[in-house]
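Participant: Mapping of the sequence shown onto the numbering used here: residues 113 to 379, in sequence order.
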Amino acid sequence: MSVTFSFPGKHVFIFGGTSGINLGIGRCFATAGANVAVASRSQEKVDAAVAELSDLGSESRGYALDVRDVDAVKAALKEYASETGGIDILISGAAGNFPAFAKDLSPNGFKAVVDIDLMGTFHVLHSAFEYLNKPGATVINISAPQAFLAMPMQSHVCAAKAGVDMLTRTLALEWGHLGIRVNSIAPGPIANTEGMRRLAPTEKIMELTKRSVPLQRLGEVGDIGNAAMFLASDAGAYVSGVVLPVDGGWSVAGASAAALAMAQNQR
Ligand code: NAP
Ligand code: COA
Numbered sequence: 113m114s115v116t117f118s119f120p121g122k123h124v125f126i127f128g129g130t131s132g133i134n135l136g137i138g139r140c141f142a143t144a145g146a147n148v149a150v151a152s153r154s155q156e157k158v159d160a161a162v163a164e165l166s167d168l169g170s171e172s173r174g175y176a177l178d179v180r181d182v183d184a185v186k187a188a189l190k191e192y193a194s195e196t197g198g199i200d201i202l203i204s205g206a207a208g209n210f211p212a213f214a215k216d217l218s219p220n221g222f223k224a225v226v227d228i229d230l231m232g233t234f235h236v237l238h239s240a241f242e243y244l245n246k247p248g249a250t251v252i253n254i255s256a257p258q259a260f261l262a263m264p265m266q267s268h269v270c271a272a273k274a275g276v277d278m279l280t281r282t283l284a285l286e287w288g289h290l291g292i293r294v295n296s297i298a299p300g301p302i303a304n305t306e307g308m309r310r311l312a313p314t315e316k317i318m319e320l321t322k323r324s325v326p327l328q329r330l331g332e333v334g335d336i337g338n339a340a341m342f343l344a345s346d347a348g349a350y351v352s353g354v355v356l357p358v359d360g361g362w363s364v365a366g367a368s369a370a371a372l373a374m375a376q377n378q379r
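(1) Using a 10 Å radius around the Cβ and a threshold of 16 neighbouring Cβ atoms, would you call K122 buried or exposed?
(2) Taking 6 Å as the cut-off, is the beta-carbon of I203 closer than that to any non-hydrogen atom of the ligand NAP?
(3) Could you spell out where the beta strand (DSSP E) holding Y175 opens and where it closes?
(4) Within the same chain, show all residues whose beta-carbon is closer than 6 Å to that of A184, passing over the 5 residues directly before and after it, in chain order.
(5) I need the DSSP call for R309, collapsed to helix, strand or coil.
(6) When you get a sec, list the residues whose CB is within less than 5 Å of any heavy atom of the ligand COA, chain order please.
(7) Can you tell me where the alpha helix (DSSP H) holding A184 begins and where it ends?
(8) Does the Cβ of D178 lie closer than 6 Å to at least one heavy atom of the ligand NAP?
(9) Go ahead and label R323 buried or exposed: buried means 16 or more other beta carbons lie within 10 angstroms of its beta carbon, across all protein chains shown.
(10) Is it the case that the Cβ atoms of D229 and A272 are separated by a distance below 7 Å?
(11) Which residues mark the beginning and the end of the alpha helix (DSSP H) in which N220 is found?
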C-alpha cells in the first residue's frame with residue numbers, strides 16, 4: 113500500500129533545513145507541491161538547498177542565520193510572511209551535537225547545544241507565532257531519543273531535547289484553541305547524516321547500532337519526511353502534543369545498549 117501526500121501551494125519553513133534529515137523533509141514537501149523555505153548559518157548551504165528544492169518545483173527562499181540570534185530569526189520570518197502571506201507548516205530542526213562526557217564538557221559546550229536546540233526552538237516558535245496561518249497551521253519540532261532516554265556522552269543533548277519536547281507539549285496546550293497543532297518527531301539512527309557520523313564514527317559502532325534496531329536497519333531521511341508529512345496532513349488532524357519516535361523500534365529496545373557500547377568503545 114502506498115500513501116501519497118499532497119500540499120499544493122502550502123508554505124513550509126524549515127529552520128536547519130539545509131542538510132541531512134531536515135533537508136530530506138524539505139524534499140518530501142517540495143515533491144508534494146509545497147513551497148519550502150530554509151534557514152541555517154552557512155550561506156553556501158542555504159544557496160545549495162534552495163537550488164535543489166527549486167529544481168523539485170518549489171518556490172523556495174533561503175535565509176542565512178543563526179537560530180541563537182532571535183533578531184535574525186524574527187527578521188527572516190517577517191520578510192518571509194510579507195512576501196508569502198504566512199506559514200502553514202513550521203519545522204524547527206536546527207541542532208548541534210558532539211559526544212562528550214559531562215565531566216569533560218565545558219559549561220560553554222553544554223550551553224552551545226542548549227542555546228541552539230532549545231533556545232533556538234523557542235526563538236523560532238515564539239517569533240513565528242504571529243505569522244502562522246490560523247486555524248490550520250502545524251508546527252513540528254525535530255527532537256531525538258535523547259529527550260527521553262539517558263545516554264552517556266549526551267548530557268547536553270538530553271537536556272536540550274527534553275526541553276524541546278516540553279515546549280511541544282506546552283505550546284500544543286496554549287495554541288490548540290487557535291487551531292494550531294504542535295508535535296515532535298524523534299528520529300532514530302538515520303543513515304548518511306551528520307548526527308550519525310558524529311555519534312557512530314566507526315564502521316563497528318555503526319554496525320552495532322544497526323543491529324540494535326528491532327527492524328535491523330538504519331532509518332532513511334525519507335522515513336522522517338513521511339512522518340512529517342503525515343503529521344502536517346489532514347490524516348494527522350487530531351494529533352497534537354505528541355512526541356513521535358520514528359526509529360524502527362530503537363527507543364523501546366536497543367538505544368541504551370548501543371549508546372553504552374559506544375561509550376565503552378571510546379572510554
Ligand atoms: P545536520 O545535517 O547537521 O543538520 C543540522 C542543520 O541545522 C543543518 O542545516 C545546519 O546548517 C543547521 N544548524 C546547525 N546549527 C545551527 C544554528 N546555530 N543556527 C541555524 N541553523 C543551524 O544533522 P542531522 O543529523 O541531519 O540532524 C538534523 C536534526 O535531526 C537535528 O535536530 C538532530 O538533533 C535530529 N536528529 C538526528 C538524528 C540522526 O540520526 N542524524 C537522530 C535523532 C535526531 P548550518 O551548518 O548551515 O547551520
Ligand atoms: N567536545 C567537547 N566540547 C566541544 C566539542 C567537542 N567535540 N565541540 C565543541 N565543544 C565546545 C567548545 O570547546 C566550546 O566550549 P569552550 O568555549 O568552553 O571551549 C563550545 O563547545 C562551543 O564551541 P564552538 O565551536 O564555539 O561552537 P559553535 O557555535 O561554533 O558550534 C557546535 C556549535 C559545537 C554544536 C558545532 O558542533 C556545530 O556547529 N554543530 C552543527 C552540526 C551538528 O552538530 N550536526 C549534528 C546534529 S545531530
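Positions of the beta carbon are idealized from the N, C-alpha and C atoms, including for glycine.
Facilitator: Reading it off the structure:
(1) With 16 or more other Cβ atoms within 10 Å, it is buried.
(2) no
(3) R173 to A176
(4) L177
(5) helix
(6) Environment of the ligand COA, chain-ordered: A207, G208, N209, F210, A212, S218, N220, G221, A224, E306 and G307, taking every residue with Cβ within less than 5 Å of a heavy atom.
(7) Looking at the DSSP string, the run of the alpha helix (DSSP H) that includes A184 is V182 to T196.
(8) Taking 6 Å as the cut-off, one finds at least one heavy atom of the ligand NAP near enough to the beta carbon of D178.
(9) With fewer than 16 other Cβ atoms within 10 Å, it is exposed.
(10) yes
(11) P219 to V225
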